[in-house]
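A short worksheet on the structure shown next.
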Amino acid sequence: MSSILIIEQVLNGLQFGVMLFLMAAGLTLIFGVMGLINLAHGSLYMVGAFAAAWVAGATGSFLLALVAALAAAAAAGALVEIVVIRRLYKAAHLDQVLATFALILIFSEGTRWVFGSFPLFLDIPDYLSGPVTLPGGIQYPFYRLVLIGIGFAVALGLWWLTAKTRIGIQIRAGENDREMIAALGVDISKLYTLVFALGAALAGLAGALVGAIQSVQVGMGEPVLILAFVVIVIGGIGSIRGAFIGALLVGLTDTLGGVFLPELFKLFMETTTATQTGSALASMAVYILMSIVLIWRPSGLFGARA
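Residue numbers (full-length UniProt numbering): 1 to 306.
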């Protein structure tokens with residue numbers, strides 16, 4: 001097991017983790033501020049990916065594709081919040097789950113009706129393609145390094161937005177006491193729409209960026225959404241810092257576990273099922289991590305203690 005392979009897989013885990021962060025950050029903002037369980041968040045990830053693939057195919061510009069992904073996902077999120085979600089804030093969580101699950105079906109069938117059932121492909125532009133040489137002679141795809149950089153930049157931007165700006169103060173206040181900030185003159189409806197659109201835009205950006213690595217297809221957001229929920233449970237609901245740390249932990253655990261656990265079992269177990277056992281354990285690794293964190297700290301790493 002070479003050091004080059006380990007470093008490459010660590011970088012892959014970081015790249016996967018920062019993409020999960022883009023999903024989880026919006027999800028934890030929406031749940032923390034609105035108290036809403038939004039199962040349709042993965043559909044907004046899909047909307048961003050399809051918008052990017054279509055615009056890139058029509059214009060040949062990857063940057064325009066990213067802008068389109070942000071705009072389309074934010075617009076879809078704002079529309080969903082105004083038309084559907086606004087009626088669910090005082091509803092029971094079961095009603096929220098059922099309503100947002102219905103939105104998954106609507107988005108999936110609507111996307112299939114507009115774009116068809118076949119996957120689309122978003123090419124990496126020439127100026128981001130190809131490998132770069134890292135210290136130690138490691139060859140690593142430049143695009144994946146760019147994804148890591150974008151993820152860290154978005155995390156820094158979200159920290160600045162929530163900690164240093166007036167709208168960030170309103171978002172944090174809305175998370176703690178929405179009745180009080182409404183009494184102080186803040187338009188809570190506009191604030192909720194803004195937060196929902198921001199979370200949707202982050203999901204759409206993640207979908208567009210990942211769409212250049214894998215195919216863009218209907219239903220691509222649901223597996224990522226499951227891991228995003230794991231991230232916010234580990235990091236603590238409502239915490240951007242927790243979402244970032246949790247996403248990196250999940251990304252590294254999933255990537256390194258999937259690569260190295262089967263090899264370790266094959267090395268120490270002289271049976272024909274060693275690789276299958278390691279692969280099965282690797283698929284459960286992130287959930288085992290979540291269980292350990294919840295046993296140690298039920299509110300998550302950075303969640304507020306009850």
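Every residue gets a Cβ at the ideal spot worked out from N, C-alpha and C, and that includes glycine.
Nothing here was measured: the structure is a model prediction, and the numbers come from that model.
Would you grab the beta carbon distance between Val80 and Ala40 for me? Rounded to a whole angstrom, and I think it's under 8 Å.
Here residue 80 corresponds to residue number 80 of the sequence shown, with the count starting at 1. Here residue 40 corresponds to residue number 40 of the sequence shown, with the count starting at 1. So it is a contact: roughly 7 Å between Cβ atoms.
Could you tell me which of Leu256, Val293, Pro131 and Ser215 sits nearest to Gly242, measuring between CA atoms?
As a first step, residue 242 is located in the sequence shown; it is residue number 242 there, counting from the start. Ranking the options by Cα distance to Gly242, first place goes to Val293.
Can you give the Cα-Cα distance for Ile295 and Leu63, rounded to whole angstroms?
For this step, residue 295 is matched to residue 295 along the sequence shown. For this step, residue 63 is matched to residue 63 along the sequence shown. Looking at the two C-alpha atoms, the distance is approximately 44 Å.
Between the CA atoms of Ala208 and Asn12 - distance to the nearest angstrom:
Here residue 12 refers to the residue found at position 12 when the sequence shown is read from its first residue. Here residue 208 refers to the residue found at position 208 when the sequence shown is read from its first residue. Roughly 18 Å between the two C-alpha positions.
Leu64 - DSSP class collapsed to helix/strand/coil
Numbered from its first residue, the sequence shown carries residue 64 at position 64. In the structure shown, Leu64 sits in a helix (DSSP, three-state: H, G or I).
Which full runs of the alpha helix (DSSP H) of 4+ residues lie inside the segment 230-295, going along the chain?
240-268
Determine the burial state of Asp126: buried for a count of at least 16 other Cβ atoms within 10 Å of its Cβ, exposed for fewer.
Counted from its first residue, the sequence shown places residue 126 at position 126. Exposed, because fewer than 16 other Cβ atoms sit within 10 Å of the Cβ of Asp126.
If you measure between the beta carbons of Leu261 and Leu289, is that distance less than 8 Å?
Residue mapping note: residue 261 aligns to position 261 of the sequence shown, counting from 1. Residue mapping note: residue 289 aligns to position 289 of the sequence shown, counting from 1. Contact flag unset, no.
Secondary structure at Ala306, three-state DSSP: helix, strand or coil?
Here residue 306 refers to the residue found at position 306 when the sequence shown is read from its first residue. With a pLDDT of only 44 at Ala306, under the threshold of 50, the placement of this residue in the model should not be trusted; the figure read from the coordinates follows. In the structure shown, Ala306 sits in coil (DSSP, three-state: anything other than H, G, I, E or B).
With which residues is Leu120 paired in a DSSP beta bridge?
The residue given as residue 120 occupies position 120 in the sequence shown. The partner list for Leu120 (beta bridge, DSSP) reads Val216.
Of the residues Arg86, Ile226 and Ala53, the one placed nearest Ala72, counting alpha carbons only
Counting from 1 along the sequence shown, the entry for residue 72 is found at position 72. Nearest C-alpha to Ala72: Ala53.
Tell me whether Leu14 is buried or exposed, calling it buried when 16 or more other Cβ atoms sit within 10 Å of its Cβ.
Reading the sequence shown from its first residue, position 14 is the one you call residue 14. By the 10 Å Cβ count, Leu14 comes out buried.
Have a look at Leu249 and Ile232 and give me their C-alpha separation to the nearest angstrom.
Indexing the sequence shown from 1 puts residue 249 at position 249. Indexing the sequence shown from 1 puts residue 232 at position 232. Going by the C-alpha atoms only, they are around 11 Å apart.
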